[in-house]
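Engineer: Each residue of the sequence shown is one higher than the one before, counting from 16 in this note's numbering.
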Amino acid sequence: MVNYIWLGMIVISIIVAGAQGDIEVITKAAFEGADTAVKVSISLISIMTFWLGIMKLAEAAGLVQALARLVRPITAFLFPSIPKDHPALGAIVMNLSANVLGLSNAATPMGLIAMKELQKLNGNSKTASDAMCTFLAVNTSCITLVPTTIIGIRLMYGSQDPTSIVGTTIFATACGMTVAVTADRIFRKIYNWRGK
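As structure tokens, then:
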């Protein structure tokens, strides 16, 4: 669906530019957009590399396991069907840690590993388990304490106070995560009440 939306926007912009007799603006905008995208991507590589390295060090030093033990009450509440020392919990903790640091791109590989492990627990069923649905809800709405990527972009574009968004980011993402977890629980109860 998103592809159709993008295609529609491109076609409409070409038609409007052509109708106004200013078709060269399309080419100019395309090159400027590509140039900006490359500059932003290269600038973000350093931020991503740094935090991915920190996460790898944390994993090698055993901090992931320690963090998993620390947040066990939360993960036990959110994912009661996952056994205590299952590899899925470690991947979930790593994924959520990356999201908390505002590194959603770095969280993706751990999210895929977590889903793969959850699918093993699900018996390779074609229907998502409760734990899979909860993880998806938490992953997509996770609270962000340090919006690293956004701070990096604001720095790159010369913001006078790039960290000024931290408070509002924490508030907005906390609200989003609360709503997602609540909705997950409500829909799960409705689904179970209807007898699956």
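By construction, the Cβ of each residue, glycine as well, lies at the ideal position given by its N, Cα and C atoms. Note that this is a predicted model, so its numbers are computed, not measured.
Within 10 angstroms of its Cβ, does Pro-162 collect 16 or more other Cβ (buried), or is it exposed?
Structural biologist: For Pro-162, the number of other beta carbons within 10 angstroms of its own is at least 16, and it is reported as buried.
Engineer: Using a 10 Å radius around the Cβ and a threshold of 16 neighbouring Cβ atoms, would you call Phe-150 buried or exposed?
Structural biologist: buried
Engineer: Within the chosen definition, does the region 123–143 reach the region 169–180 through at least 3 CB pairs nearer than 8 Å?
Structural biologist: The region 123–143, when compared against the region 169–180, does not touch it at the 8 Å Cβ threshold.
Engineer: Whose CA, out of Ile-38, Phe-202, Asn-154, lies closest to the CA of Asn-110?
Structural biologist: Asn-154
Engineer: Alpha carbon to alpha carbon, what distance is there between Tyr-206 and Leu-170?
Structural biologist: 46 Å
Engineer: What separation, rounded to the nearest whole angstrom, lies between the Cα atoms of Leu-100 and Thr-193?
Structural biologist: Just to set this straight, residue 100 is Asp in the shown sequence, not Leu. C-alpha of Asp-100 to C-alpha of Thr-193: approximately 26 Å in a straight line.
Engineer: Buried or exposed: which applies to Asn-139, given that a residue is buried once 16 or more other Cβ atoms fall within 10 Å of its Cβ?
Structural biologist: Note on Asn-139: under 16 other CB atoms within 10 angstroms of its CB, so exposed under the neighbour-count rule.
Engineer: Along the chain, where does the alpha helix (DSSP H) that runs through Lys-131 open and close?
Structural biologist: 119–136
Engineer: Pick helix, strand or coil for Tyr-172, following the three-state DSSP scheme.
Structural biologist: coil
Engineer: Could you give the C-beta distance for Ser-58 and Gly-167, rounded to a whole number, given that I count them as a contact under 8 Å?
Structural biologist: 7 Å
Engineer: Does the beta-carbon distance from Gly-117 to Thr-159 come in below 8 Å?
Structural biologist: yes
Engineer: Any idea what DSSP makes of Arg-209, helix, strand or coil?
Structural biologist: coil
Engineer: Check whether the Cβ atoms of Thr-184 and Cys-157 sit closer than 8 Å, and answer yes or no.
Structural biologist: no
Engineer: Restricting to Cα atoms, I'd like to know which of Ile-62, Ser-28, Lys-204 is closest to Asp-145.
Structural biologist: Lys-204
Engineer: With distances taken from CA atoms, which of Ala-152, Asp-50, Ala-143, Ala-32 is nearest Asn-114?
Structural biologist: Ala-152
Engineer: Which runs of the alpha helix (DSSP H) at least 4 residues long sit entirely within the region 137–206? Give them in chain order.
Structural biologist: 145–156, 163–171
Engineer: Roughly how many angstroms separate the alpha carbons of Ser-119 and Thr-51, rounded to a whole number?
Structural biologist: 21 Å
Engineer: Rounded to whole angstroms, what is the Cα-Cα separation between Val-26 and Ile-107?
Structural biologist: 41 Å
Engineer: If you draw a straight line from the C-alpha of Gly-191 to the C-alpha of Ser-56, how long is it?
Structural biologist: Spanning the two alpha carbons is a distance of roughly 27 Å.
Engineer: Have a look at Pro-95, Thr-64, Ile-29, Ser-112 and flag the residue whose alpha-carbon is nearest the alpha-carbon of Arg-200.
Structural biologist: Comparing Cα positions, the closest option is Pro-95.
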